[in-house]
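First the structure, in the form of structure tokens, and then the observations on it.
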Amino acid sequence: MTDLTQLGIKAIRDGVADGTFTAREVTEAFNAAVAAADPLNAFLVKTPERALEAADAVDARRAKGEDLGKMGGVPIGMKDLFCTQGVETTAASMILGGFTPTYESTVSQNLWDAGATMLGKLNMDQFAMGSSNETSAFGNVISPWRKSDGGNAALAPGGSSGGSSAAIAARLCPAATGTDTGGSIRQPAAFTGISGIKPTYGRCSRWGTIAFASSLDQAGPMARDVTDCAIMLGAMAGFDPKDATSLDLAVPDWEAALSDDLKGKRVGIPREYRMEGTDPQILESWEQGKAWLKDAGAEIVDISLPHTKYALPAYYIIAPAEASSNLARYDGVRYGLRELPEGAGLQDMYAATRAEGFGDEVKRRVMIGTYVLSAGFYDAYYTQAQKVRTLVARDFEQAWDKCDVILAPTCPTASFALGSLDDDPLTMYLNDVFAVPASLAGLPAMSVPCGLNGDGLPLGLQLVGKPFDEQGVLNAGLAIEKRAGFTAQPEKWWS
Amino acid sequence: MSVDTKQVAKIASLARIAMSDAECEKMVPELNNILDWVEQLGEVDVTGVEPMTAVIPNTLRMRDDVVNADPKTGGDRREDVLANAPVAEHGFFGVPKVIE
């Protein structure tokens, strides 16, 4: 029998539906893979029994001849930013230690309704703040990838969805949820040789997703390939009246409309993304990507996004500002940690709880956010950043006159060693320089693997599309995927 | 613009994060590095540019004026609301005494 953990969403869904194997067999295979992969530290909570129960329910429905759903029998990993009823949800922070939601997030509920089952909750950067998964209160996630030089240095799986990316690359799950505020789906996908798409802002409900920066936060799928991303995004997305920014639009059948024929499509190459400090191998992969898309029938056009270099500094005002506001709710009163020093009053309790519960990076961002929103500084920082954000979005609007989709690298480097950027938050932030502009503009954007660099580490290419045009992004991603023929997997050293 | 230890202590107090003097001091260069770097936004000519308010045009909706139309966001869920409270007493959140 084939190794079921080598299968993706589509193969599992179709195999369960036509009886090639049962949902229980699939779940047992992945449960075993998860149980044997503790050195990766990808899972914060494992839910093997729950996964089996749900799998049995899928098998029972099949026995009765019922519809199994878009993801019937597919076990997935759930980023720990999504509230899951009855299963501890901490956003990888001590301040939410023990928090067990009494409700289910809309995105996770949509997935269960589509027949997916949960293997467990995935580690991540604390409150999704980080690009290497080193800010988790529960330890780093270790990338399953290692350099081909024979060294055993532990590498970053990317962040913030680093548990998701590591688990998929290591074949612990066929797919996982991610969230992307400034690259947190695309960068970890690029680092680990998998695919991931952040849809248009508003496609996926934010209800029940622990908030970081609400005007940017957007959930999306991470999976082995573009088709699996299309399937899973279809299951996650949809209008939700419980989220005021939810898009009241029908969810297209992205899977059915997938096509790598790009005849008549224009692919924009933004000249400002050719930045100093970018790994030459990444620039080469970008050239290769152009050739592939041309081969798929697209016309390549040069475009300009003049405010690109200002996107990242604007993001590091806007996102911390929103975070400082969103994270004000962690006060030791309603859920999670409470630190009550002897004789302390209410204000001291707040301050002690937050000092104890938040990690260093979270504190740093809450402090920055508090500062830029404070009286006297608000206009100079926050208002200016929101104006720059308007200009970044306008750059894209103008680019759409010349092209239909944009091709760029996902990140300026491949994965780096854990600990190598510890003392240097700014350099860490720069890893998201290519990802953040699309976030600020709310655009759909995806990363697909395009090859390995000289160290044997995966590289990703990024596609950015017009608002609501996930299809255009997925199709261009598929065109690259088919031509890149990326099949590399990390060598299994963890079990 | 840059911050000093005193200002960091003030920000920490506004953010309700207890910080020792040593911690404040450690944070001064960290915050200043970031603040120096975001300073470049000042170069951008934003004359006549409106600050972004909604990234994707969307209109706010009114919901039907029906009590508990969606039980998930409606009332009558006191037990659920209190289930994760560090201290819950008599159907309320418990906090240290605030009035002497």
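If you read the sequences in order, they're chains A and B.
Numbers 1 to 495, taken from full-length UniProt numbering, label the letters of the first sequence in order.
Numbers 1 to 100, taken from full-length UniProt numbering, label the letters of the second sequence in order.
We treat Cβ as the ideally placed atom computed from N, Cα and C, and that holds for glycine.
Query, Result
"For the candidate residues B:4, B:18 and B:81, whose alpha-carbon lies nearest to that of residue 32 (chain B)?", "B:4"
"List the residues of chain B that residue 314 (chain A) touches, going by C-beta distances under 7 Å, in chain order.", "41"
"Going along the region 11–26 of chain B in order, which residues come within less than 8 Å of chain A, judged by CB to CB distance?", "11, 12, 13, 14, 15, 16, 17, 18 and 19"
"Counting only Cβ pairs nearer than 7 Å, list the residues of chain B close to residue 278 (chain A).", "Within chain B, no residue comes near residue 278 (chain A); the closest Cβ sits about 18 Å away, beyond 7 Å."
"Can you tell me whether residue 256 (chain A) is helix, strand or coil according to DSSP?", "coil"
"For residue 349 (chain A) and residue 358 (chain A), I'd like the C-alpha separation in whole angstroms.", "14 Å"
"Could you pull the DSSP bridge partners for residue 122 (chain A) from this structure?", "A:43 and A:79"
"Could you work out which residue in A:434, A:231 and A:319 is closest to residue 8 (chain A) when comparing CA atoms only?", "A:231"
"Excluding the 5 residues flanking residue 289 (chain A) on each side, which residues of the same chain have their C-beta closer than 7 Å to its C-beta?", "407, 450, 461 and 480"
"Applying the criterion that 16 or more other CB atoms from any shown protein chain within 10 Å of the CB defines a buried residue, is residue 423 (chain A) buried or exposed?", "exposed"
"When you check each C-beta in the region 70–99 of chain B against every C-beta of chain A, which residues fall closer than 9 Å?", "70, 72, 73, 77, 79, 80, 81, 82, 83, 84, 85, 86, 87, 93, 94, 95, 96, 97 and 98"
"Residues of chain B with CB under 8 Å from residue 367 (chain A), in chain order?", "8, 11, 12, 15, 17, 27 and 31"
"Quick one: residues in its chain with C-beta nearer than 7 Å to the C-beta of residue 59 (chain A), no 5 flanking neighbours on either side, listed in chain order?", "22, 23 and 24"
"Can you name the residues of chain A whose CB is closer than 7 Å to the CB of residue 52 (chain B)?", "386, 389, 390 and 393"
"Indicate whether residue 16 (chain A) and residue 72 (chain A) have their beta-carbon atoms separated by less than 7 Å.", "yes"
"Are the C-beta atoms of residue 49 (chain B) and some chain A residue less than 7 Å apart?", "yes"
"According to DSSP, what are the bridge partners of residue 266 (chain A)?", "A:299"
"For the region 440–470 of chain A, enumerate the residues whose C-beta is nearer than 7 Å to any C-beta of chain B, in chain order.", "441, 442 and 467"
"Which class does residue 450 (chain A) belong to by DSSP, given the choice of helix, strand or coil?", "strand"
"Could one say the Cβ of residue 55 (chain B) lies closer than 7 Å to chain A's Cβ atoms, at least one of them?", "yes"
"7 Å is my cut-off, CB to CB: does residue 102 (chain A) come that close to chain B?", "yes"
"Should the region 147–164 of chain A be regarded as contacting the region 118–135 of chain A, the criterion being three or more beta carbon pairs within less than 8 Å?", "yes"
"Taking the alpha-carbon of residue 314 (chain A) as reference, which of A:372, A:464 and A:491 has the nearest alpha-carbon?", "A:372"
"So, helix, strand or coil for residue 467 (chain A), using DSSP?", "coil"
"Does DSSP put residue 198 (chain A) in a helix, in a strand, or in coil?", "strand"
"Run through chain B and tell me which residues come within less than 7 Å of residue 215 (chain A), C-beta to C-beta.", "55"
"Should residue 374 (chain A) be listed as close to the ligand PLP, given that the test is whether its C-beta is under 6 Å from any heavy atom?", "As for the ligand PLP, it is missing from this structure, which has no ligand bound."
"What is the DSSP secondary structure of residue 396 (chain A), counted as helix, strand or coil?", "helix"
"Quick check on the burial criterion: 16 or more other C-beta atoms within 10 angstroms. Buried or exposed for residue 268 (chain A)?", "buried"
"When you compare the region 207–226 of chain A with the region 42–51 of chain A, are there three or more beta-carbon pairs, one atom per stretch, that lie closer than 8 Å?", "no"
"What's the C-alpha gap between residue 574 (chain A) and residue 302 (chain A)?", "Examination of residue 574 (chain A) is not possible in this model, given that chain A is present from 1 through 495 alone."
"To the nearest angstrom, how far is it from the Cα of residue 165 (chain A) to the Cα of residue 89 (chain B)?", "42 Å"
"List the residues that DSSP assigns as beta-bridge partners of residue 220 (chain A).", "A:178"
"On the DSSP bridge assignment, give the partners of residue 445 (chain A) in chain order.", "A:198 and A:464"
"State yes or no: is the C-beta of residue 199 (chain A) within less than 7 Å of the C-beta of residue 183 (chain A)?", "no"
"What are the start and end residues of the alpha helix (DSSP H) that includes residue 38 (chain B)?", "21–38"
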